[in-house]
Structure formats: C-alpha cells, structure tokens
Amino acid sequence: MKQKLGVNAFSLAFALGGVDGCHPKWDGEIPIDDPAIVQELKAFREAGGQLIVSTGGAAGLYLENACRTTDELLKAYRQVVDMTGAVGLDIDVETSLPLDVVMPALAAIQKEKPGLTVNDDDYGLNDPLGVDVITSAVKHGVDVDVVNAMTMNFESSHRKWGAAVIAAGEATIKQMAKIWPQKSEQELYSMLGSTPMIGLNDNGMVFTQEHAHQLLTWAKQKHLGHIGFWSINRDKQCEVGQSSLETDGCSDIKQQMYEFTKIFVQFNNNSVGINELKDTYRDK
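Under mature numbering (1 follows the signal peptide of the UniProt record, and there is no 0), read the sequence shown as residues -21 to -1, 1 to 263, first letter to last.
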C-alpha cells in the first residue's frame, strides 16, 4: 500500500480485551501475535511505513477495562507495541475508563519506549468525557501528541458536512486552549487531528470527495498535526445491494477505488484507518 498509494501510516483498529480478559486481541478475537498479521505489518514497516495501534472504539471489551491494574495494562500495551512495531498508541475513547489505571500505564510505556506517541480520539472536547480524559492525561504526565477529533456521526447546524467537520475541529481547539493555556494557537493546531468517516455516516450525512479536499486545504493552512479517515475498508464504491451500514466495507457513494486515500496522502502527517483486521487478514 505504501508503494502503490503513498500511505505513510496505518492506524490499526482495534486491539481489545478478549474472553480471557487482559490479553490483547484484534477485535477481541485474534491474538495480537498472530503470525500472518505480524508478517504483513513487518513488511509494511520494512517498506518505510509506520503503524499506530488503536484501542477502544465503539464496541467490544476495551483493553483498558479488561486489565484491572496499571501493571497489567502496561504489560498489555508493551505486548501490543512489541508485536506490531507501532510508533504510537491511539486511545479511542467512547465509553468511561478507569483513568487512574490507564493514564499511569500510558505514562509508563512512554518512559519505557522513548518516542512512542499517544493520541486521544474523541468526538470533540465539547463532550465532558473527552475533557476528563485529556485532563487526566496531563495530570499523570502523559505526553499527548495529538488530540484526534473523530469528526463523524455528530449533530451539527451546518448544512454542508465539510464545513461541519472543520467547525468541529475549530471547537476542539477552543477546548484544548483551556487545557493547555500556556500553548500558542499554532502549537495547539499542531496537536489537533481530524478523522472523518468517508461516505455515508451513521447520522445520514455524507462526507464526499469535495469535503475531503476542503479538509485537506484547511489542514494545510492551519498546519494540523494529523488527518486521517475511517477507513480504508470503506474506500470503495458499494456493489449493487451492498450497504455500508451493514458491512462498513464500502462508502455508499459513487467513487473510484481508494479515491479518498489518494486525497489524504497529499497531507504529510496522514494515516489511514484499517478496521476489522480479523477480516482483512483472515485468509492470509
């Protein structure tokens, strides 16, 4: 994918807890050290690509809730990073977490592995949960690299979804300024990420190719820290009778194969989300 499309990085979703608890598994099912997946990830890294591993998400047992102590969670994070060669952890927070367990574990893994980045994903810091997570991270000494606003499936007064996505990013900046009052506006923009869902969103709004170009222009103007999208599995047109709401495997709009990927790679600090690794690598 790196040679073919120029993708710099993939965000791998999701490393979760499984039926046996605090043992990281892809989507809660496939062990993190699955040989086929490990080999695919190694090949991508050897081609010059970088990997970020996402935990959390909209469904499944969070690794952060499966692991009962900071030491257990630290061990799980260590296994995730070692098995994948990831340069960063991406904590996708969509439910409550034991922050006094999670944040010390993140701070510890960063000390163990200098240069490891930690990103926080949330639906914008207007959500009290998102503010609590970032505030706790700062309190426990976690070096937050990017606050990644998941600019998808939210309510907005904007009729045009491209404008709504950008407005959500600007609103997040205002909240970040309250958490990091010592930082300049440009420093805050350099910590901001934006990750929309391409095509049809669950709320009925549609993120189009035009909106992708609009986001790209804004990200370049503001020197954002990151943009990405959910997900490469969706970056194709649905077949007749297929719906993204059923499979999350197509965009539900008219498009060329990997059309959004080709837009987003024009931004230096990009990553493309891969969802459902258990399906992506099942036959490999």
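Just so it is clear, CB atoms sit at the ideal spot from N, CA and C, and this is done for glycine as well.
Keep in mind it's a predicted model, so treat the numbers as computed, not measured.
First and last residue of the uninterrupted alpha helix (DSSP H) at residue i
{"i": "S223", "result": "223 to 226"}
{"i": "N44", "result": "42 to 45"}
{"i": "T240", "result": "238 to 243"}
{"i": "P3", "result": "That residue, P3, is in no alpha helix (DSSP H); its beta strand (DSSP E) goes -1 to 5."}
{"i": "V66", "result": "Careful: V66 lies outside any alpha helix (DSSP H) and carries neither H nor E."}
{"i": "L20", "result": "14 to 25"}
{"i": "A38", "result": "First-last for A38: undefined, no H or E at that position."}
{"i": "D79", "result": "78 to 91"}
Residue closest to residue i, alpha-carbon to alpha-carbon, out of the options
{"i": "D111", "options": "G148, Q154, E134, I145", "result": "Q154"}
{"i": "G67", "options": "D99, D79, K215", "result": "D99"}
{"i": "L171", "options": "V60, V125, K201, V97", "result": "V125"}
{"i": "F239", "options": "T74, T96, A26, D214", "result": "D214"}
{"i": "I211", "options": "S230, H202, K199", "result": "S230"}
{"i": "A146", "options": "E8, N44, L52, W197", "result": "W197"}
{"i": "L40", "options": "D122, P160, E8", "result": "E8"}
{"i": "A150", "options": "N44, K199, G228, G109", "result": "G109"}
{"i": "S223", "options": "N(-14), G178, E25", "result": "G178"}
{"i": "H202", "options": "Q188, P160, I152, Q161", "result": "I152"}
{"i": "E25", "options": "E51, D122, N(-14)", "result": "N(-14)"}
Pairwise C-alpha distance: residue j and residue i
{"i": "I88", "j": "R138", "result": "43 Å"}
{"i": "G(-4)", "j": "N180", "result": "28 Å"}
{"i": "F(-8)", "j": "D101", "result": "15 Å"}
{"i": "A156", "j": "V219", "result": "47 Å"}
{"i": "Y168", "j": "T226", "result": "34 Å"}
{"i": "D69", "j": "Q221", "result": "30 Å"}
{"i": "L85", "j": "L(-17)", "result": "32 Å"}
{"i": "K257", "j": "W5", "result": "For K257, the predicted model reports a pLDDT of 47, less than 50, meaning its position is unreliable; a value from the coordinates is still stated below. In a straight line, the C-alpha of K257 is about 6 Å away from that of W5."}
{"i": "S250", "j": "I206", "result": "7 Å"}
{"i": "P77", "j": "G(-1)", "result": "16 Å"}
{"i": "K263", "j": "L95", "result": "In this prediction, K263 has a pLDDT of 32, which is less than 50 and means its spatial position is unreliable; what the coordinates show is noted afterwards. Each residue's alpha carbon lies about 29 Å from the other."}
{"i": "G120", "j": "A22", "result": "34 Å"}
{"i": "A38", "j": "S75", "result": "13 Å"}
{"i": "L194", "j": "G141", "result": "7 Å"}
{"i": "S136", "j": "V60", "result": "40 Å"}
{"i": "E134", "j": "M184", "result": "10 Å"}
{"i": "G252", "j": "Y237", "result": "13 Å"}
{"i": "Y260", "j": "L53", "result": "Per-residue confidence for Y260 stands at a pLDDT of 41, beneath the threshold of 50, marking its modelled position as unreliable; no derived number is given."}
{"i": "Q200", "j": "E164", "result": "13 Å"}
{"i": "G228", "j": "Q235", "result": "14 Å"}
{"i": "E166", "j": "R47", "result": "35 Å"}
{"i": "G204", "j": "A45", "result": "31 Å"}
{"i": "P160", "j": "D13", "result": "44 Å"}
{"i": "D122", "j": "K162", "result": "14 Å"}
{"i": "residue 324", "j": "L30", "result": "This structure cannot settle anything about residue 324, because the visible part of the chain is limited to -21 through 263."}
Cβ-Cβ distance between residue i and residue j below 8 Å
{"i": "F186", "j": "V144", "result": "yes"}
{"i": "T49", "j": "V80", "result": "yes"}
{"i": "L148", "j": "S115", "result": "The sequence as given places Gly at residue 148; Leu does not occur at that position. Against a cut-off of 8 Å, the Cβ pair of S115 and G148 comes out as no contact."}
{"i": "G28", "j": "F(-12)", "result": "yes"}
{"i": "A191", "j": "F246", "result": "no"}
{"i": "N182", "j": "N127", "result": "no"}
{"i": "V32", "j": "A55", "result": "no"}
{"i": "K58", "j": "P107", "result": "For clarity, residue 58 is Gln in the given sequence; the question names Lys instead. Their beta carbons are not under 8 Å apart, which means Q58 does not touch P107 by this criterion."}
{"i": "T130", "j": "P175", "result": "yes"}
{"i": "N42", "j": "L(-6)", "result": "The amino acid at residue 42 is misidentified as Asn; the sequence shows Leu. Cβ atoms of L42 and L(-6): closer than 8 Å."}
{"i": "I113", "j": "M62", "result": "no"}
{"i": "K241", "j": "Q216", "result": "no"}
{"i": "V158", "j": "V117", "result": "Sequence check: residue 158 is Ile here, not Val. Contact: yes."}
For residue i, the first and last residue of its enclosing beta strand (DSSP E)
{"i": "I31", "result": "29 to 35"}
{"i": "H137", "result": "Note, H137: premise wrong, no beta strand (DSSP E); not H, not E."}
{"i": "V219", "result": "Unbroken run through V219: none, as it is neither H nor E."}
{"i": "I113", "result": "Per DSSP, I113 belongs to no beta strand (DSSP E); it is in the alpha helix (DSSP H), 107 to 118."}
{"i": "T196", "result": "Counting along the chain, T196 falls outside any beta strand (DSSP E), though it belongs to the alpha helix (DSSP H) covering 188 to 201."}
{"i": "L167", "result": "Counting along the chain, L167 falls outside any beta strand (DSSP E), though it belongs to the alpha helix (DSSP H) covering 164 to 168."}
{"i": "T96", "result": "96 to 101"}
{"i": "F208", "result": "205 to 208"}
{"i": "N127", "result": "123 to 128"}
Original post:
Using 8 Å as the threshold, is the segment 77 to 92 in touch with the segment 14 to 21, meaning 3 or more CB pairs across them?
Top reply: no
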